[in-house]
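Taking it in order: structure first as structure tokens, then the write-up.
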Amino acid sequence: MAVAAVSSAYERLVAEFDKLNTNQKGAVAVAGGLASIYLIRKVLAPADSNKPTTLQLTGGSIDSAKVKSEFDAYADSYGKGAGEGIVDRSKTVQLVDVFYSLVTDIYEWGWGQSFHFSPKLPHKDLRASEAAHEARIAALLRLRPGMKALDCGCGVGGPMRTVAAVSGAHVTGITINQYQVDRATHHNAKQGLAPLTDVVRGDFLNMPFKDNTFDGAYAIEATCHAPKLELVYGEIFRVLKSGSYFASYEWVSTSKFDSSNKEHVKIIDEINFGNGLPEMRTWKEAEDAGKKCGFELVMSLDLATASVVCGPWDDASSSGAAGQSGRPDAWYERLRMGKYTHAINHAMVSTVDAIGLAPKGLKDVHHMLVEVAKSLIAGGETGVFTPMHLLLFRKP
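Following the numbering used here, the residues of the sequence shown are numbered contiguously, the last one being 396.
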């Protein structure tokens with residue numbers, strides 16, 4: 001019964017996307033389809049089972065004795081000048097690997113298995129909204145059983161499991177971090193999705209796949225880690241079959257960003273540092289990067305502003321009863337409503353760090369994440385940043 005309900009919801013969503021055209025005016029039609037994906041919540045309910053406890057937090061692939069020194073080295077890799085980002089871009093891949101070793105346990109512990117933001121559906125809980133955001137990807141790619149899809153920068157596999165479950169396609173995820181490979185593989189098996197998933201460690205700038213391997217590809221808030229978007233987009237183009245789609249939720253600055261505004265630059269710099277980004281691209285630069293690699297641009301819209309699913313970008317009126325007015329919250333409200341939780345969690349992490357029950361330096365990592373939450377909220381409130389600019393490309 002549950003599987004049939006999910007299949008029906010997925011087919012409705014695919015049908016809605018088939019109606020869209022490149023002028024974006026049909027975007028509001030996705031609302032009904034997305035709401036129906038609430039049913040997926042019933043299938044993927046155990047999404048947060050087996051997450052680390054406070055006493056199980058580690059430095060991922062980094063030896064516990066080296067967490068402090070690795071974090072300090074990571075922090076020193078960012079320039080002090082406005083808009084500088086990672087100073088030596090040749091070290092970007094290595095630094096991203098270190099970053100995810102440092103933060104993966106904390107992300108799972110405090111956020112969940114899907115390392116991304118999601119538009120909040122009205123009258124639906126967080127997990128339903130999260131599943132809808134991920135299921136949209138499967139529909140955009142027109143995935144079906146028997147097809148092969150690529151998750152580029154898969155983390156611990158939260159989106160991968162949703163995409164595989166709702167579409168029936170096989171999904172291969174790639175991540176630079178071995179600890180994430182281990183965690184994703186563990187979760188895939190635990191949730192019964194091992195037959196439909198595979199996870200490999202690799203650099204998405206030089207992927208270990210043959211040309212024309214996949215029937216679809218996606219990246220959820222992941223390609224922003226590339227030193228240059230053209231490098232990762234070019235690799236995705238190579239491994240996709242002709243006629244296939246590539247969808248990405250990109251972290252980009254919006255048209256409201258003003259490079260001469262010191263506060264805007266400060267917000268973006270802090271977001272880059274707290275999230276392992278070499279720099280922030282504009283939405284237009286992301287579009288152009290795909291085109292330069294040979295892709296056709298099918299769709300480009302900021303889901304934080306162009307979709308009724310998320311509601312008004314500056315709607316921060318809700319103080320905790322999200323969606324009760326029938327108007328969903330902006331994506332960053334999840335961070336704001338968790339400020340007290342952040343404080344409690346930081347006290348817990350600091351305590352286990354101080355008494356030696358967690359790697360020394362873990363409190364510094366958590367403090368960085370708490371601080372960047374403030375910058376993400378500022379980016380949302382000012383409208384200069386979005387973590388969900390949807391780009392849909394097609395390989396001719």
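Built from N, CA and C at the ideal position, the CB exists for glycine as well.
Short Cβ contact (8 Å threshold) for residue i with residue j
| i | j | result |
| --- | --- | --- |
| isoleucine 176 | cysteine 152 | no |
| tryptophan 251 | glutamate 221 | yes |
| phenylalanine 214 | leucine 240 | yes |
| isoleucine 268 | leucine 376 | no |
| aspartate 302 | threonine 386 | yes |
| tryptophan 283 | proline 119 | no |
| phenylalanine 393 | leucine 297 | yes |
| alanine 169 | proline 145 | yes |
| serine 60 | tyrosine 233 | Residue identity check: residue 60 is glycine in the sequence provided, not serine. Against a cut-off of 8 Å, the Cβ pair of tyrosine 233 and glycine 60 comes out as no contact. |
| leucine 397 | threonine 172 | The shown model of the chain, from 1 to 396, leaves out residue 397, and the question about it has no answer. |
| threonine 254 | glycine 380 | no |
| valine 156 | glutamine 94 | no |
| glycine 361 | valine 67 | yes |
| glycine 202 | asparagine 345 | no |
| valine 200 | alanine 82 | no |
Simplified DSSP state of residue i, which is helix, strand or coil
| i | result |
| --- | --- |
| methionine 207 | coil |
| valine 265 | helix |
| aspartate 125 | coil |
| alanine 354 | helix |
| glutamate 296 | strand |
| glutamate 381 | helix |
| glutamate 221 | coil |
| aspartate 258 | coil |
| proline 195 | helix |
| histidine 133 | helix |
| serine 69 | helix |
| methionine 160 | helix |
| aspartate 215 | strand |
| methionine 388 | strand |
| aspartate 364 | helix |
| valine 87 | coil |
| arginine 394 | strand |
Classification of residue i by the beta-carbon crowding that lies within 10 angstroms, buried from 16 upward
| i | result |
| --- | --- |
| alanine 65 | exposed |
| threonine 58 | buried |
| glutamate 235 | buried |
| asparagine 420 | Because the chain here runs from 1 to 396, residue 420 falls outside it and cannot be looked at. |
| threonine 223 | buried |
| arginine 41 | Only weak support exists for where arginine 41 lies, its pLDDT of 40 falling under 50; the value from the coordinates is given anyway. It counts as buried. |
| tyrosine 38 | Residue placement at tyrosine 38 is poorly supported in this model, since its pLDDT is 39, which falls under 50; the coordinates are not used for a value here. |
| asparagine 188 | buried |
| aspartate 63 | exposed |
| isoleucine 86 | buried |
| threonine 341 | exposed |
| lysine 80 | exposed |
| serine 69 | exposed |
| glutamate 371 | exposed |
| serine 242 | exposed |
| alanine 343 | exposed |
| proline 122 | buried |
| alanine 132 | buried |
| glycine 294 | exposed |
| aspartate 88 | exposed |
Selected residue, minimal CA-CA separation from residue i, among the options
| i | options | result |
| --- | --- | --- |
| proline 278 | Gln56, Val166, Lys148, Ser90 | Ser90 |
| glutamate 84 | Pro52, Gln56, Ser259 | Ser259 |
| arginine 248 | Leu229, Ser255, Lys148 | Strictly speaking, residue 248 in this sequence is serine, with arginine absent from that position. Comparing Cα positions, the closest option is Leu229. |
| leucine 140 | Tyr218, Ile106, Lys360 | Tyr218 |
| tyrosine 107 | Leu390, Ala373, Met388 | Ala373 |
| leucine 391 | Lys68, Tyr78, Ile137 | Ile137 |
| arginine 336 | Ser300, Ala378, Pro359 | Ala378 |
| lysine 210 | Thr185, Lys148, Thr197 | Lys148 |
| alanine 135 | His123, Val265, Ala165 | Ala165 |
| asparagine 206 | Gly216, Thr197, Ala226, Arg127 | Ala226 |
| alanine 304 | His389, Val181, Tyr78, Leu231 | His389 |
| aspartate 125 | Arg334, Pro359, Gly290, Ala354 | Arg334 |
| cysteine 154 | Thr197, Phe257, Arg281 | Thr197 |
Any non-hydrogen atom of the ligand ATP within 7 Å of residue i CB
| i | result |
| --- | --- |
| glycine 274 | Of the ligands one can find in the structure shown there are none, so the ligand ATP has no counterpart to examine. |
Exercise for the section: Evaluate the contact criterion for the stretch 151-166 versus the stretch 178-198: three or more CB pairs, one atom per stretch, below 8 Å. Expected result: yes
Handout entry: Touch test, the stretch 364-384 against the stretch 341-354, Cβ-Cβ under 8 Å, three pairs minimum
Key = yes
Handout entry: Cβ contact (3+ pairs, closer than 8 Å) linking the stretch 98-106 and the stretch 70-77
Key = yes
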